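K.L.:
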Amino acid sequence: MADPMRIRAQAAGDKATVRVLMSHEMESGQRKDSAGKLVPAWFIQEVSASLNGKVVMTAEWGPAVSKNPFMQFVVKGAKAGDKIAVSWKDNKGDSRTDEATVS
Amino acid sequence: MKRWTLATSAFCAIICSTASLAQSDSEKAIDEYRAMIADGNPADLWEAKGEDLWKKKAGPKNASLEKCDLGLGPGVLKGAYVQLPRYFADAGKVMDVEMRLSYCMRTLQGKEVKDSAYNKDDHKDIIALATYVVTLSKGMPVNVPQEHAEEKRMYDLGKQAFFYRAGPYDFACATCHNADGKRIRLQGLPNLTKNGPAGRAFTSWPAYRVSNSQLWPMQQRLNDCLRLQRFPHPKFGSEATVALSVFMGVTGKGVPSLAPTIKR
Chain A
382 MADPMRIRAQ AAGDKATVRV LMSHEMESGQ RKDSAGKLVP AWFIQEVSAS LNGKVVMTAE
442 WGPAVSKNPF MQFVVKGAKA GDKIAVSWKD NKGDSRTDEA TVS
Chain B
84 MKRWTLATSA FCAIICSTAS LAQSDSEKAI DEYRAMIADG NPADLWEAKG EDLWKKKAGP
144 KNASLEKCDL GLGPGVLKGA YVQLPRYFAD AGKVMDVEMR LSYCMRTLQG KEVKDSAYNK
204 DDHKDIIALA TYVVTLSKGM PVNVPQEHAE EKRMYDLGKQ AFFYRAGPYD FACATCHNAD
264 GKRIRLQGLP NLTKNGPAGR AFTSWPAYRV SNSQLWPMQQ RLNDCLRLQR FPHPKFGSEA
324 TVALSVFMGV TGKGVPSLAP TIKR
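Residue numbers (this note's numbering), protein chains in the order written: chain A, 382 to 484; chain B, 84 to 347.
(1) Let me make sure I understand the geometry here. Which of B:Pro251, B:Ile267, B:Pro273, B:Glu322 has the alpha-carbon closest to that of histidine 260 (chain B)?
(2) Would you mind telling me which residues of chain A sit closer than 7 Å to alanine 131 (chain B), beta carbon to beta carbon, in chain order?
(3) Quick one: complete beta strand (DSSP E) runs, 3+ long, within the segment 214-295 of chain B?
(4) Using only the alpha-carbon positions, how far apart do aspartate 135 (chain B) and serine 147 (chain B) sit?
(5) By Cβ distance, which residues of its chain are closer than 6 Å to phenylalanine 94 (chain B), with the 5 residues on each side in sequence left out?
(6) To which residues of the same chain is alanine 211 (chain B) closer than 7 Å at the C-beta, ignoring the five residues directly before and after it?
(7) Return the chain-ordered list of same chain residues with a C-beta closer than 7 Å to the C-beta of valine 225 (chain B), the five sequence neighbours on each side being excluded.
(8) What whole-angstrom Cβ distance do leucine 240 (chain B) and alanine 326 (chain B) have, given they're in contact under 8 Å?
(9) Quick one: measure Cβ to Cβ for glutamine 312 (chain B) and glycine 250 (chain B), integer angstroms, because I've assumed they're closer than 8 Å.
(10) What do you reckon, are the CB atoms on asparagine 306 (chain B) and proline 315 (chain B) nearer than 8 Å?
(11) Taking the alpha carbon of tryptophan 288 (chain B) as the point to measure from, which residue in B:Val180, B:Leu160, B:Ser109 has its own alpha carbon closest?
(12) Taking C-beta pairs closer than 8 Å, name the residues in chain B that arginine 400 (chain A) reaches, listed in chain order.
(13) Considering Cα atoms alone, identify which of A:Leu419, A:Gly462, A:Ala430, A:Lys473 is closest to valine 479 (chain A).
(14) Give me the Cβ distance between serine 296 (chain B) and lysine 473 (chain A), rounded to the nearest whole Å; I'm assuming they're in contact under 8 Å.
(15) With 8 Å as the threshold, decide whether the Cβ of leucine 240 (chain B) is near any Cβ in chain A.
(16) Where DSSP assigns a beta bridge to aspartate 471 (chain A), which residues make up the other side?
(17) Interface residues of chain A around aspartate 204 (chain B) at Cβ under 9 Å?
(18) Run through chain A and tell me which residues come within less than 7 Å of serine 296 (chain B), C-beta to C-beta.
(19) Helix, strand or coil, according to DSSP, for glutamate 480 (chain A) in the structure here?
(20) Taking 7 Å as the limit between beta carbons, can you name the residues of its chain near glycine 162 (chain B), skipping five residues before and five after?
(21) Would you please verify whether the beta carbon of serine 404 (chain A) is less than 8 Å from any beta carbon of chain B?
(22) Can you say whether leucine 104 (chain B) is buried or exposed, counting buried as having 16 or more other CB atoms within 10 angstroms of its CB?
(23) Hey, could you find the ends of the beta strand (DSSP E) alanine 393 (chain A) is sitting in?
(24) So that I know if they touch, is there some Cβ in chain A lying closer than 8 Å to that of leucine 128 (chain B)?
(25) Assuming arginine 47 (chain B) is part of the beta strand (DSSP E), what are its boundary residues?
(26) Where does alanine 174 (chain B) land, buried or exposed, given buried means 16+ other C-beta within 10 angstroms?
(27) Could you pull out every residue in the same chain whose Cβ sits closer than 7 Å to the Cβ of glutamate 233 (chain B), ignoring the five residues on either side in sequence?
(28) In terms of alpha-carbon separation, which member of A:Ile388, A:Ala466, A:Asp384 lies closest to glycine 123 (chain B)?
(29) Return the residue from the list B:Phe245, B:Ser199, B:Gly271 that minimises the CA-CA distance to alanine 112 (chain B).
(30) Confirm, please, whether the CB-CB distance from serine 404 (chain A) to aspartate 384 (chain A) is below 8 Å.
(31) Can you list, in chain order, the residues of its chain whose CB lies under 7 Å from that of arginine 304 (chain B), leaving out five sequence neighbours each side?
(32) Under 7 Å Cβ to Cβ from serine 294 (chain B), same chain only, skipping five residues before and after it: list those, please.
(33) From lysine 396 (chain A) to cysteine 308 (chain B), what does the alpha carbon distance come to, in whole angstroms?
(34) Compare the C-alpha of tryptophan 442 (chain A) against each of A:Met386, A:Phe451, A:Ala481, A:Glu427 and name the closest.
Below, the structure is given as structure tokens:
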């Protein structure tokens, strides 16, 4: 089970800025361990965000994204009290969804 | 001959001024980069994990760490970090935050704590817990106590260690850190004998290092300083690292705490 994300969402005017910090190894599959063996690729492939249950953004990620990735995006029409949910799925099939309230 | 010398010195004046200009430019660029990465410090992830570990029951005694005394009474976290390292009568020695957390895991939870290797076994948890604890002292002024005789002894030991020259390079901490305006490559080196820089350095750790995606607590940072001096690697909770912490903390008295921070 993956560690939780940190999600902060702040409304300003008719928009809200969402900042997400994910906990993930994001192994590129290019590195070798101390024994010289290739470390298998392990990274987030799909990311999606929803506002009150309605999907507002999807993204496809690859091995070039850093470890413990940070993502920021702006949602139009989000107000204080709305629910923002972010989820990811990695290439091993593991997934995680976390929710935050817009402040 | 004389003209040649003059020309050289004029040339040097130009070169030297561009060099110092370049330095301030690159330092500005480093500051800009730091500001860019400061939002969304992955240290938050360790902090969240640490909070969880603090409240979760674990170990043979199935206890949480919520009764752990970090110096201000059992369970008091706010401001505890800025008053560490301090002398603990129950343990009979001066401890920093990492050692004290290890001690609490041993005494309260009854764990056989394995903390000798960086980021392995229980040391992983100690890093997360330390990050959680320091976050609750953010912005509070450093106030490392100097009341107990042991605390004073540690300060003196730390001062001695700071100026102690040894190793194949005949290096001391002071070789790089006792004057203003020094740098290594493009990094400015703080003068740790002065209040402001010492306090900022003392409260900058644990920090997330972007270059290797690791979270380093203070002891690991000091161990790395000693490695750069080609000194032997200290054990976890070694008197040398705790004494150096005390020396920096006392020198940096009153400086608001920054940790956890983010480093390049």
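Idealized CB from N, CA, C, for every residue including glycine. Just so we're clear, the structure is a prediction, and the values are computed from it rather than from any experiment.
P.N.:
With the given structure in hand:
(1) B:Pro273
(2) Pro385, Arg387
(3) 290-292
(4) 10 Å
(5) Reliability fails at phenylalanine 94 (chain B), whose pLDDT of 46 lies under 50, so the model's placement of it is uncertain and the value that follows must be treated cautiously. If we look at phenylalanine 94 (chain B) and ignore the five residues flanking it on each side, it has no Cβ neighbours.
(6) Non-local C-beta neighbours of alanine 211 (chain B) in its own chain, meaning closer than 7 Å and more than five positions away in sequence, comprise Trp129, Lys132, Gly133, Leu136, ordered along the chain.
(7) Taken in chain order, the residues that qualify are Val165, Gly282, Phe285, Thr286, Gly332, Gly335, Lys336, Gly337, Val338, Ser340.
(8) 4 Å
(9) Right, their Cβ atoms sit about 5 Å apart.
(10) no
(11) Nearest option by C-alpha distance: B:Val180.
(12) Asp122, Gly123
(13) Just to set this straight, residue 479 (chain A) is aspartate in the shown sequence, not valine. Taking the Cα of aspartate 479 (chain A) as reference, the smallest distance to any Cα among A:Leu419, A:Gly462, A:Ala430, A:Lys473 is reached at A:Ala430.
(14) Not really, about 19 Å apart at Cβ, beyond 8 Å.
(15) no
(16) A:Ile425
(17) Neighbours of aspartate 204 (chain B) on chain A: none; closest Cβ ~18 Å, over 9 Å.
(18) Lys448, Asn449
(19) strand
(20) So the list reads Leu155, Ser220, Met223, once near-sequence residues are dropped.
(21) Yes - at least one Cβ of chain B is within 8 Å of the one on serine 404 (chain A).
(22) Residue placement at leucine 104 (chain B) is poorly supported in this model, since its pLDDT is 45, which falls under 50; the coordinates are not used for a value here.
(23) That run of the beta strand (DSSP E) goes 387-393.
(24) yes
(25) No information on residue 47 (chain B) is available, as it lies outside the stretch 84 to 347 that chain B covers here.
(26) exposed
(27) Tyr170, Lys176, Val177
(28) A:Ile388
(29) B:Gly271
(30) Yes; because the gap between Cβ atoms is below 8 Å, this pair is in contact.
(31) Trp288
(32) Arg347
(33) Roughly 46 Å between the two C-alpha positions.
(34) A:Glu427
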